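What follows is a single structure, written as structure tokens, with notes after it.
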Amino acid sequence: MLRAAIVFFILALVALIFGATGFAGLSMEIGKVLLAVFLVLAAISFVASLVSGRGSSKYLP
Numbered sequence: 000m001l002r003a004a005i006v007f008f009i010l011a012l013v014a015l016i017f018g019a020t021g022f023a024g025l026s027m028e029i030g031k032v033l034l035a036v037f038l039v040l041a042a043i044s045f046v047a048s049l050v051s052g053r054g055s056s057k058y059l060p
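Using numbering that gives the first Met the number 0, the first residue of the sequence shown is number 0, and each one after it goes up by one.
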């Protein structure tokens with residue numbers, strides 16, 4: 000998902016260079032949404048691993 004967000008940001012920059020401002024704006028908005036979803040899911044995953052206690056305890060003796 001992070002890769003898709005980066006692709007949409009790059010696509011928006013290329014579209015902006017070529018003058019397609021409408022398409023660039025739409026691509027930037029899609030990239031922002033994907034980045035926000037990624038950050039929310041990453042935060043939920045981090046909190047869930049802290050709560051469950053399964054995070055990095057398997058590497059400790």
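From the three backbone atoms N, C-alpha and C, an ideal C-beta is built for every residue, glycine too. The structure presented is a predicted model; accordingly, all values stated were derived computationally and were not measured.
Asked: May I have the straight-line CA-CA distance separating Ser48 from Ala11, to the nearest angstrom?; Found: 35 angstroms
Asked: Which term fits Leu33, buried or exposed, when burial requires 16 or more other beta carbons within 10 angstroms of its beta carbon?; Found: buried
Asked: If you reduce the DSSP assignment to three classes, tell me which class Gly52 lands in.; Found: coil
Asked: Below 8 angstroms on the Cβ atoms is my guess for Ala14 versus Ser26; work out the distance and round it to an integer in Å.; Found: 6 angstroms
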